[in-house]
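I have placed the structure first, in the form of structure tokens, so that the comments after it can refer back to it.
There are 2 protein chains.
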Amino acid sequence: MSTHGRTLPRRLKRESSSEQVAEHIRRLIMSGELVKGERLRQEDLAEELGVSRIPVREAIIALDREGWLDFEANRGAHVAGLAADDIGDHYELRGLVFGLLARRVVETATDEDVKVLSALAAEMKRTADLVEFAVTNERMIRQIIRVAASPRLTAALLVTPAIMHHDFYEFVPTGRKNQEAGIAAFLRAVKQRSADAADTAMRTMLRRQGQAVLAAFTASGVVGGQ
Amino acid sequence: MSTHGRTLPRRLKRESSSEQVAEHIRRLIMSGELVKGERLRQEDLAEELGVSRIPVREAIIALDREGWLDFEANRGAHVAGLAADDIGDHYELRGLVFGLLARRVVETATDEDVKVLSALAAEMKRTADLVEFAVTNERMIRQIIRVAASPRLTAALLVTPAIMHHDFYEFVPTGRKNQEAGIAAFLRAVKQRSADAADTAMRTMLRRQGQAVLAAFTASGVVGGQ
DNA sequence: GCCGCAGACAATGCATACAATATCGTCCAC
DNA sequence: GTGGACGATATTGTATGCATTGTCTGCGGC
Numbered sequence: 011m012s013t014h015g016r017t018l019p020r021r022l023k024r025e026s027s028s029e030q031v032a033e034h035i036r037r038l039i040m041s042g043e044l045v046k047g048e049r050l051r052q053e054d055l056a057e058e059l060g061v062s063r064i065p066v067r068e069a070i071i072a073l074d075r076e077g078w079l080d081f082e083a084n085r086g087a088h089v090a091g092l093a094a095d096d097i098g099d100h101y102e103l104r105g106l107v108f109g110l111l112a113r114r115v116v117e118t119a120t121d122e123d124v125k126v127l128s129a130l131a132a133e134m135k136r137t138a139d140l141v142e143f144a145v146t147n148e149r150m151i152r153q154i155i156r157v158a159a160s161p162r163l164t165a166a167l168l169v170t171p172a173i174m175h176h177d178f179y180e181f182v183p184t185g186r187k188n189q190e191a192g193i194a195a196f197l198r199a200v201k202q203r204s205a206d207a208a209d210t211a212m213r214t215m216l217r218r219q220g221q222a223v224l225a226a227f228t229a230s231g232v233v234g235g236q
Numbered sequence: 011m012s013t014h015g016r017t018l019p020r021r022l023k024r025e026s027s028s029e030q031v032a033e034h035i036r037r038l039i040m041s042g043e044l045v046k047g048e049r050l051r052q053e054d055l056a057e058e059l060g061v062s063r064i065p066v067r068e069a070i071i072a073l074d075r076e077g078w079l080d081f082e083a084n085r086g087a088h089v090a091g092l093a094a095d096d097i098g099d100h101y102e103l104r105g106l107v108f109g110l111l112a113r114r115v116v117e118t119a120t121d122e123d124v125k126v127l128s129a130l131a132a133e134m135k136r137t138a139d140l141v142e143f144a145v146t147n148e149r150m151i152r153q154i155i156r157v158a159a160s161p162r163l164t165a166a167l168l169v170t171p172a173i174m175h176h177d178f179y180e181f182v183p184t185g186r187k188n189q190e191a192g193i194a195a196f197l198r199a200v201k202q203r204s205a206d207a208a209d210t211a212m213r214t215m216l217r218r219q220g221q222a223v224l225a226a227f228t229a230s231g232v233v234g235g236q
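Heads up: the protein sequence lines correspond to chains R and F, in order.
With this note's numbering applied, the first sequence covers 11 to 236.
With this note's numbering applied, the second sequence covers 11 to 236.
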């Protein structure tokens, strides 16, 4: 139909209000404006964002399942918060999982697969925009999953509790550099068909990411001493 | 008062309609009544369950985040489905994660912790009711997490994409036996302070559970050849 | 015959309104 | 003065209805 006045960049996929609200809350948590234990009132958020409570509720439910909030029936939603240990464990687990995936990639990837992965890595290196970088990175992750593992459950396991969200690189200054270096090492290992090296590359990268996240979040006060 | 004659056992915690709807849908998927790709219409479900569309929507959002459904804005929700590989990978990853947790338990558990774990294991052995068994099992898992790891992220990572839900043992005949045997082996390892043995016990148990789940789901037609 | 577009229909997205539940202060009995 | 029950208030939970968006069908142009 005729174009709406919406002069937003309007990406391919329009986001629902719920998703925008969820995004907003994630940012509040990552930026430290919402601290652990703090209660979120549906009506306040709704008014603040100019929507009704329905999309707010839907966002809260999604964030509860993603681990950002604790949402108990009739008792409201509270910020789950991040402790230093949480972050360490999170990245240790991610390291385990991606290490396993990396091994699988070495074992099963065809030349064509490798080509696709290389192309994505090059694209990441090329782009200047952080959001685009994050999106490409996500595509890379999906490609790795596609090559190496069953799509659905692995995706659920990895993507769901995503600390590394689209905004991730905004909040963690050295995140991009680490990521690129790790990906490069991983690709080298794949081309040399060395499962051990691929595994190690992933684990190392994720350990460094964990340290960087911890540093960034500690500096900004997002993680307290628990 | 409530018109619904639902005289459910009504446990301690009253569940919201949303959660009941979610539970219902999970069962439909696990039992094979809903197959991969099938579309869920909000209004149909609402009418079928005697609620409005709001709790149905909320359930769909939760299940999307848990990985059971693919929910796209304005395009409805589709059953994500289970492939054989999904299940294998899921349990392999669970094995990795719980193996790590098991190591931590050996390293950090106090005598008191061990006593609590033993008590829970005994309770699991004692109970006849499958639901109670599952609940106790979940308490055990939570206890392990409490002892061994940071609570929040680990819980989010483990609990969220729960194939092993409360009904799990209904659908997988040998599930309970495997679980008990694995727990017993794990506890022996903990008492002997052997991290390797604890790790192995967990991985072995989960590998067996994976095989059992696959067999059960294949038999019932829940997993197709993809 | 095939493609593109307009309109009708179907399904979802969200706002408003009301019901159910928790929380907290107050009062009363002891 | 303390503990517990009761009620007022705040907050969440769900139903209903309208707005928006996607999908399908049939028509006209190429």
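All C-beta atoms, glycine included, are put in the ideal place defined by N, C-alpha and C.
Here the structure is a predicted model, which is why all the values come from computation and not from measurement.
Span of the beta strand (DSSP E) around residue i
i	result
Leu79 of chain F	Leu79 to Glu82
Short Cβ contact (8 angstroms threshold) for residue i with residue j
i	j	result
Ile154 of chain R	Leu111 of chain R	yes
Gly185 of chain F	Ile97 of chain F	no
Ala158 of chain F	Thr118 of chain F	yes
Ala226 of chain F	Pro183 of chain F	yes
Gly109 of chain R	Met40 of chain R	no
Gly47 of chain R	Gly91 of chain R	yes
Arg203 of chain R	Val115 of chain R	no
Glu190 of chain F	Met150 of chain F	no
Leu216 of chain F	Arg104 of chain F	yes
Ala72 of chain R	Ile71 of chain F	yes
Arg218 of chain R	Asn188 of chain R	yes
Leu59 of chain F	His100 of chain F	no
Chain-ordered neighbours of residue i on chain F, where CB pairs are closer than 8 angstroms
i	result
Arg67 of chain R	Glu68
Leu110 of chain R	Glu102, Leu103 and Leu106
Proximal residues of chain R, C-beta to C-beta of residue i below 7 angstroms
i	result
Arg75 of chain F	Ala72, Arg75, Glu76 and Thr170
Which listed residue (the options) has its alpha carbon closest to that of residue i
i	options	result
Ala131 of chain F	F:Ile193, F:Gly86 and F:Glu142	F:Ile193
Arg113 of chain R	R:Asp206, R:Arg217, R:Asn84 and R:Ser230	R:Asp206
Val126 of chain F	F:Lys46, F:Arg152, F:Glu82 and F:Arg218	F:Arg152
Val200 of chain R	R:Asp121, R:Phe181, R:Lys187 and R:Arg149	R:Asp121
Ala69 of chain R	R:Glu29, R:Glu142, R:Arg104 and R:Thr228	R:Glu29
Leu50 of chain R	R:Val66, R:Gly60 and R:Glu148	R:Val66
Gln52 of chain F	F:Arg75, F:Asp209, F:Ala222 and F:Ala83	F:Ala83
Leu106 of chain F	F:Val31, F:Ser62 and F:Asp209	F:Asp209
Asp74 of chain F	F:His88, F:Val61 and F:Leu140	F:His88
Ser230 of chain R	R:His100, R:Val31, R:Ala195 and R:Leu44	R:Leu44
Ser27 of chain R	R:Ser62, R:Arg37, R:Leu38 and R:Asp123	R:Ser62
Arg36 of chain R	R:Ile64, R:Trp78 and R:Gly60	R:Trp78
Asp54 of chain R	R:Glu76, R:Glu25 and R:Gly86	R:Gly86
Glu25 of chain F	R:Val31, R:Phe81, R:Ala195 and R:Ala129	R:Phe81
Thr228 of chain F	F:Ala94, F:Leu38 and F:Val124	F:Ala94
Ile64 of chain F	F:Glu76, F:Ala32 and F:Thr214	F:Ala32
Ser128 of chain R	R:Glu76, R:Leu140 and R:Asn147	R:Asn147
Residue interval of the alpha helix (DSSP H) (run including residue i)
i	result
Val126 of chain F	Asp121 to Arg136
Ala194 of chain F	Gly185 to Lys201
Ala208 of chain R	Ala205 to Ser230
- Task: Return the chain-ordered ranges of every alpha helix (DSSP H) run that is complete within the segment 21–85 of chain F and spans a minimum of 4 residues.
- Result: Counting only runs that start and end inside the segment 21–85 of chain F, the alpha helix (DSSP H) elements of at least 4 residues fall at 27–40, 52–59 and 63–76.
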